[in-house]
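In the numbering used here, the protein residues as written are 10 to 507.
Where is the CB? At the ideal position from N, CA and C, for every residue including glycine.
Take a look at the structure below.
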Ligand code: GLN
C-alpha cells in the first residue's frame with residue numbers, strides 16, 4: 010500500500026485501525042520528500058528528527074485512545090510564514106533566513122492538538138507577496154504537473170507538496186488568493202475561510218485586514234476536517250471571531266437541490282482563457298444537473314478590485330514590515346556606519362525586489378497629500394465591493410467563478426511584468442476585500458495537462474454552503490494524481506513484493 014496516496018482522513022482511519030502507525034506515515038512522507046523535493050523545491054525546512062519524535066508520541070496517544078480525531082498521526086506541512094517554536098520560519102526571505110520563533114502560531118498549535126505531525130515548512134513568495142512562488146529567496150517551487158511551469162502562489166510550496174504527496178495536507182495563507190489560486194494550478198483543494206475564523210496569532214502579517222490561514226488538501230473532506238481543527242476563537246488575535254459553530258464536516262453531504270448558484274457575468278468576459286472558461290461552465294452545468302439553480306448575474310465593480318487591493322495590501326505591508334530592521338529578527342548587514350545606515354543596509358540587502366516594490370507603494374499611498382487620493386479611496390471601494398457581494402448573497406447561496414484567468418504560466422514569464430501578474434488575481438482578491446470564504450476544487454485540465462480549478466464563494470460564515478457544493482461536485486470526479494506522485498507507487502509495489 011502506498012501510504013501517501015491516501016487522503017488525510019483515510020490515512021488516520023488506517024492508523025486508528027492499527028494497519029499503519031503514525032511513524033510509518035511520517036517516514037513515508039519523508040521518503041517522498043527525498044525522492045522528489047530536489048526537483049520541485051516545495052520545502053524550505055524539513056525537520057526529520059522532531060517529526061519522527063512527535064510521531065512516536067502521537068502514536069502512543071492514539072493507542073491509549075487519547076487522540077481519536079480525523080487528523081491523528083497524519084503528516085502535515087505548514088507554510089513558512091507561520092511561527093513554529095524552535096523551527097525556522099523564514100517567510101522565504103533573506104531577512105528572516107535564521108529566524109527561529111519562541112512560540113508556535115495558534116493555528117499550528119490547534120493542528121498539533123488534533124494529533125497532526127508537522128514535518129516541515131513550505132516555500133512561498135517572499136512574505137506572501139506574489140502569485141507564482143518565484144519571489145522566494147530560496148528559489149522557485151515548480152509545478153507538480155509540469156516542472157517548467159509555476160505552482161502559483163504565494164502558497165505554492167504547500168499546494169505543490171500536497172499534489173506531490175510529500176505530506177497528507179498543508180496549511181496555507183490567503184491575503185488575495187494565495188490558497189485558492191495555487192490550489193487551482195496544482196490540482197488540489199484549498200479553502201480560505203471567513204476573515205476572523207482562524208487565528209492569525211503567529212502568522213507573520215502581510216495585509217492584516219485581509220490575511221487568513223486555511224487548509225490545502227487532496228479533497229473537500231480533508232479540507233473540512235482540517236478547517237474544523239484549526240478554526241477557533243482566540244483572544245490573542247483582536248480580529249478573531251467567536252462563531253456559533255465550528256462544525257464544517259457535517260456539510261459533507263451530496264446534495265445541492267435548491268441551492269442557488271450565481272455566476273457573475275463580468276467574470277467570464279475578456280481575459281479569461283477559453284479552456285478555463287469551458288471547464289468552469291461545464292462544472293456549473295453539472296451542479297445544475299444535480300439540482301442546483303444556476304443563474305447569471307451582474308457583479309460590477311470587479312475592475313476596481315485590483316487597484317483597491319494593491320493599495321490596501323501594500324499600505325498594510327509597508328507598516329507591518331517596518332519591524333524587520335536588522336535589530337529584532339534575522340539578517341543584519343555586515344558593515345555599517347551608525348544606526349540609520351544599519352537599518353537601511355539591512356533592509357536593502359534583506360528584502361527582495363517585489364517586497365521593496367510593495368513597501369514603496371504602501372509608503373507612498375499612506376503619505377500625507379496622497380492618503381485621501383489613494384488609500385481612503387481604496388477603502389471606500391472596498392466598502393462598495395462588500396455591498397455588491399451583500400446584494401448578490403441576498404439572491405444566491407453560492408457564487409461560482411474561476412480561480413484564475415489562466416492555467417499555470419511558465420517559470421520566468423511573470424516576473425518581468427508585475428502589473429500583468431497583479432491582474433491575474435482578478436477572481437480572488439475581492440473575496441479577501443469583503444472577508445468572504447472561498448474554496449477551489451479541481452474541475453479539469455487544459456490541453457497541455459495543466460489543472461484548472463473552480464472557485465466557489467460564500468457569504469460570511471457560510472462555509473458550509475460552499476463545502477456542500479464543492480463536495481457534491483467532487484463526487485462526480487476522480488482525484489487526479491500528478492505523475493511524480495504516481496511514480497512512487499511502482500517503488501512501493503516492488504517493496505511490497507508484488
Ligand atoms: N498575489 C497576491 C499578492 O501578491 C495575493 C497574495 C496572497 O494572497 N498572499 O498580494
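Contact between the region 321 to 334 and the region 448 to 463 is not established, with fewer than three Cβ pairs separated by less than 8 Å.
CA-to-CA, the gap between residue 302 and residue 293 works out to about 10 Å.
When DSSP states are grouped into helix, strand and coil, residue 418 belongs to the coil group. In this structure, residue 462 sits near residue 193, with a CB-CB distance shorter than 7 Å.
In this structure, the C-beta of residue 89 stays at least 6 Å away from each heavy atom of ligand 1. For residue 138, the distance from the CB to the nearest heavy atom of ligand 1 is below 6 Å. Annotation for residue 29: 12, 23 place their beta carbon closer than 7 Å to its own, counting only its chain and skipping 5 residues before and after.
Ligand 1 never approaches residue 167 closely enough for any of its heavy atoms to be under 6 Å from the residue's Cβ. At a threshold of 6 Å, residue 27 does not count as near ligand 1, since its beta carbon sits no closer than that to any of the ligand's heavy atoms.
Not one heavy atom of ligand 1 is found less than 6 Å from the C-beta of residue 372. Assignment of residue 484 by DSSP, reduced to helix, strand and coil, places it in the coil class. By alpha-carbon distance to residue 493, the top candidate from 418, 164, 43, 190 is 43.
Residues 34, 35, 38, 126, 128, 176, 177 of the same chain have their beta carbon placed closer than 6 Å to that of residue 84, with the five preceding and five following residues left out of the count. Here residue 251 is not near residue 210, since their CB atoms are 7 Å or more apart. Per DSSP, residue 182 is one residue of the beta strand (DSSP E) stretching across 178 to 183. In the three-state DSSP reduction, residue 125 falls in the coil class, being neither helix nor strand. In the three-state scheme derived from DSSP, where H, G and I count as helix and E and B as strand, residue 492 is classed as helix. Around residue 228, the same chain offers 16, 198, 483, 488 as residues with beta carbons nearer than 7 Å, after the five sequence neighbours per side are excluded. Of 427, 419, 441, 430, the smallest CA-CA separation from residue 158 is found for 419. Between residue 174 and residue 429, the beta carbon gap of about 32 Å keeps them out of contact (Cβ cut-off 8 Å). Counting the other Cβ atoms within 10 Å of the Cβ of residue 440 gives 16 or more, which makes it buried. In the DSSP annotation of this structure, the continuous segment of the alpha helix (DSSP H) that includes residue 18 starts and ends at 17 to 25.
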